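Note sheet for the following structure.
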Amino acid sequence: MLSSNMRGSLFMVTAMAVFTFNDATVKYLSDSLPIPQIVLLRGIITTAMVAAIVLAGKRATLRQDLSEPVIWWRALMEIGATYTYLVGLKHIPIANAASIFAAVPLAVTVGSAVFFHEPVGWRRWLAIIVGFVGVLIIVRPGFENFSVYSFYIVLCVGFATVRDLITRNAPPHIPSLTFSLATSIAITLTGVVFTAGAGRFVPVEPGQYGLILMASCFLLVGYFCAVSAVRNGEIAVISPFRYTSLIWATSIGYIVFNEKLDFYSAIGSLIVVSSGIYTLYRERRLAINRDRERRIPQSR
């Protein structure tokens, strides 16, 4: 039988795979359909699926949970993260986008130190600085292969960081699926607004509807696996497996979009991932040490 950490790790690897498949599907569709329209159609399907699951659970406090401001603040950050990521993804290689986005755990550590006064030692600060240097190597502002759309992914990192900080301090009684439902509703509504603002709805072919349905299923499976990963395994154990998204992104980019990771992007990605894993390792070590100190009897 698999241990809880092994189950959590497998769920996390699966979540990263299907999230990357979703990104690739949206990137492919964005060549022929506007991003807001893709988000709208995908959101309608995803919202219906999540709502069906939530309502099937017959949670008595659903209405009360949805009235919590923290849910909608988080949804607002998710809207920003979704649109900035998808706009950037349309114009830059999927592996580059995934590599820059991999800096989110580093940014969350900074946010936790600044806003919640969580202690961060000099080793982790150094690892964080090195990780952000890795992001700069990937983006390469001012150099020949620089794309301004890389900054959309950097902006997405900012939105995602605030989202994760909000989630970390959300009331524990609110189920993860309720967050997913509120987020899906909010993103779908923005898709309505942006599509209406564009003044036209591009005709969608049957095959494209099939791809949108597939992207919606990827999202739903990703939500389930991500939540299951956290509930089954220790955060410090499963978090490094988030970086498997880079393997999926690089493979899909090469096979589907004929995108090749250049030397500097590969070096930058390696730096970001190494810094992130080291930061998680230090957090785990410190947590173990604090736990040991609590267990040692204190003399009066």
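Residue numbers (our numbering): 3 to 302. Each residue gets a CB set at the ideal place from its N, CA and C atoms; glycine is no exception. Computed from a predicted structure; not experimentally measured.
So, under 8 Å CB-CB, residue i and residue j are touching, yes? Tell me the CB distance rounded to an integer number of Å.
i: G10; j: N234; result: 4 Å
i: I47; j: I189; result: Not a contact, Cβ separation roughly 12 Å.
i: G133; j: I273; result: 7 Å
i: V52; j: L222; result: 7 Å
i: R61; j: P143; result: 47 Å between Cβ atoms; not a contact.
i: V258; j: A26; result: 6 Å
Count the other CB atoms within 10 Å of the CB of residue i; is the residue buried (16 or more) or exposed (fewer)?
i: N24; result: buried
i: K29; result: buried
i: M3; result: exposed
i: L57; result: exposed
i: F243; result: buried
i: A198; result: exposed
i: P38; result: buried
i: R302; result: Its pLDDT being 42, under 50, R302 is placed unreliably by the model, and nothing is read from it.
i: S5; result: exposed
i: N291; result: exposed
i: S69; result: exposed
i: P107; result: buried
i: T63; result: exposed
i: G224; result: buried
Can you tell me which of the options puts its alpha carbon nearest to the alpha carbon of residue i?
i: V229; options: S32, G201, F181; result: F181
i: M18; options: A129, S241, L282; result: S241
i: V164; options: E285, A50, M79; result: M79
i: Y154; options: L288, A100, N171, I279; result: A100
i: V141; options: I94, G201, L42, L183; result: I94
i: Q66; options: A184, G123, N7, F226; result: A184
i: L157; options: S276, T84, S6; result: T84
i: A200; options: P36, L282, L43; result: P36
i: P173; options: A53, L42, T27, R76; result: R76
i: Q210; options: D33, V20, F117; result: D33
i: I131; options: L288, V20, C227, S276; result: S276
i: N171; options: G212, E120, F196; result: E120
i: F117; options: D166, I102, F103, W74; result: D166
Would the beta-carbon of residue i fall within 9 Å of that of residue j?
i: V159; j: A115; result: no
i: I96; j: I254; result: yes
i: V72; j: I187; result: no
i: Y245; j: A129; result: no
i: I139; j: Y256; result: no
i: S247; j: T22; result: yes
i: T111; j: R126; result: yes
i: G136; j: G270; result: yes
i: A231; j: M14; result: yes
i: L42; j: G278; result: no
i: R44; j: A162; result: no
i: G90; j: Y151; result: yes
i: L263; j: N98; result: yes
Contact criterion: CB-CB distance below 9 Å. Does residue i meet it with respect to chain C?
i: L43; result: You won't find chain C in this structure, because it holds only one protein chain.
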